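Have a look at the structure below before the remarks.
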Ligand code: 5AD
Ligand code: SF4
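Numbering (this note's numbering), first residue to last: 6 to 458.
Right, dumping it as structure tokens:
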């Protein structure tokens, strides 16, 4: 892994014991990949960290007087068009964090000794709060932070971006730094675009966002469930999907919508990343494996036939064989219709890149193969279950062979059948005859047969 070139200066002042000296070194290590080089004078620093000691009152007072000096430096820098971020770490921060913020408003954030791994997150949040752009700090990574933007012109399905950015700060991920804070498009703008798409013949929209189920959270606008309800009322718009979601934002209204909104397709991409509580904690996912499994249970109560999809990372730092097996267990418990799997990759500047116990590449390969094997088995079983069933299929286009048409089941499976091209754009019933590797094969069911079903 290569660090970013040194672009910024870090000044750390250490008070107190050896423990603090050690912690200051750790903080320097955490910040180096972000492009921070150490300076020994605060006035040319971009980031000042006071690593404080609470052992005697005098030590605490010293911190406040130092902060007074720093405040003046910060103001002078701001006056000259520059910027300085001030953080208070160590035991004073732990003991009287909010008091510090109250007494000295020049402080951007405080963090106790247990949360040094969150330094990149805290810095990003402070920069966001002051309106500073962050994108330049990181090399954008197409693979992880790009949303599909393409829209098939004239097609019957379309993507519709409703939300961008992420506030979750999973410790492996660059998105919160590259894409910034969560932002939702206003409801009216989304509705207008959806109505326009529907007028052009679009029957299905997939709502996109890095944290799409956090939609509206920052404006308190009825959330994604409210948006889905209003979209479902648009004539012609018969199918609604959304991706990607975070388990934390799966609120009761959205769960209920899966049971009540006919247009909301029974397919949900809900990444869990790992089945080990230890790893979930290190990833800063903010939930345990059992919370996720319970959440899936509630969603299935609302919509028993929902097909689930997920993202998984193998070989996160510190992942043992037992941790990995917990992921396999979770997969067995939940049962997925599809999934995306990744080997953990170190992203400079993210907290996990600095964690010890990085996992061997060969071990990652081996775990990925085992996980993929299990998920593939589940996918096949899910597809095989469809055989003999009659499902509504939205016909999207002609197939590869003459006389063949291609569409999707409610569960996002590709279904092909013999049929006329004038069915494109219609939702027709098909009896599934067989399940192949990537798609299902069906036959059209006539209206008369449908009536009997
Ligand atoms: N290494 C491996 N996988 C990652 N993802 C995001 N960042 C990383 C990383 N550093 C995966 C997560 C996420 C998906 C979009 O990409 O599983 O959900
Ligand atoms: Fe990245 Fe998704 Fe986590 Fe946000 S919720 S930090 S986008 S993995």
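Each residue gets a CB set at the ideal place from its N, CA and C atoms; glycine is no exception. Source: prediction; values computed, not measured.
Can the beta-carbon of residue i be found closer than 8 Å to that of residue j?
i: residue 183; j: residue 213; result: no
i: residue 355; j: residue 178; result: yes
i: residue 412; j: residue 423; result: no
i: residue 359; j: residue 128; result: no
i: residue 229; j: residue 216; result: no
i: residue 459; j: residue 52; result: Since the first residue shown for the chain is 6 and the last is 458, residue 459 is missing from the structure and cannot be characterised.
i: residue 436; j: residue 398; result: no
i: residue 50; j: residue 20; result: no
i: residue 405; j: residue 319; result: no
Would you check whether the ligand 5AD has a heavy atom nearer than 7 Å to the C-beta of residue i?
i: residue 276; result: yes
i: residue 328; result: no
i: residue 51; result: no
i: residue 314; result: no
i: residue 350; result: yes
i: residue 177; result: yes
i: residue 128; result: no
i: residue 387; result: no
i: residue 284; result: no
i: residue 461; result: No information on residue 461 is available, as it lies outside the stretch 6 to 458 that the chain covers here.
i: residue 164; result: no
i: residue 347; result: yes
Can you tell which of the options has its C-alpha closest to the C-alpha of residue i?
i: residue 131; options: 280, 120, 105, 88; result: 88
i: residue 252; options: 301, 29, 308, 104; result: 301
i: residue 383; options: 103, 342, 440; result: 342
i: residue 326; options: 375, 108, 287; result: 375
i: residue 254; options: 304, 269, 280; result: 304
i: residue 1; options: 91, 48, 80, 298; result: No answer is possible for residue 1: the residues shown for the chain start at 6 and end at 458.
i: residue 211; options: 188, 240, 246; result: 246
i: residue 322; options: 395, 344, 278; result: 278
i: residue 239; options: 104, 14, 268; result: 268
i: residue 112; options: 72, 387, 260, 287; result: 72
i: residue 123; options: 290, 404, 261; result: 290
i: residue 419; options: 431, 425, 447, 264; result: 447
Let me know if residue i comes out buried or exposed under the rule of 16 or more other beta-carbons within 10 Å of its beta-carbon.
i: residue 121; result: buried
i: residue 168; result: buried
i: residue 309; result: exposed
i: residue 443; result: exposed
i: residue 427; result: exposed
i: residue 70; result: exposed
i: residue 362; result: exposed
i: residue 10; result: exposed
i: residue 22; result: exposed
i: residue 206; result: exposed
i: residue 141; result: Model confidence at residue 141 stands at a pLDDT of 37, short of 50, so the residue's coordinates are unreliable; what they give is reported in the following sentence. With fewer than 16 other Cβ atoms within 10 Å, it is exposed.
i: residue 134; result: exposed
i: residue 224; result: exposed
i: residue 14; result: buried
Does any heavy atom of the ligand SF4 sit closer than 7 Å to the C-beta of residue i?
i: residue 174; result: yes
i: residue 218; result: no
i: residue 322; result: no
i: residue 292; result: no
i: residue 122; result: no
i: residue 338; result: no
i: residue 195; result: no
i: residue 22; result: no
Taking residue i and residue j to be in contact with their CB atoms under 8 Å, please state how far apart those CB atoms are, rounded to whole angstroms.
i: residue 118; j: residue 39; result: That belief does not hold up - the Cβ atoms of residue 118 and residue 39 are roughly 20 Å apart, past 8 Å.
i: residue 313; j: residue 339; result: 6 Å
i: residue 390; j: residue 429; result: So it is not a contact: roughly 27 Å between Cβ atoms.
i: residue 59; j: residue 97; result: 5 Å
i: residue 192; j: residue 235; result: 7 Å
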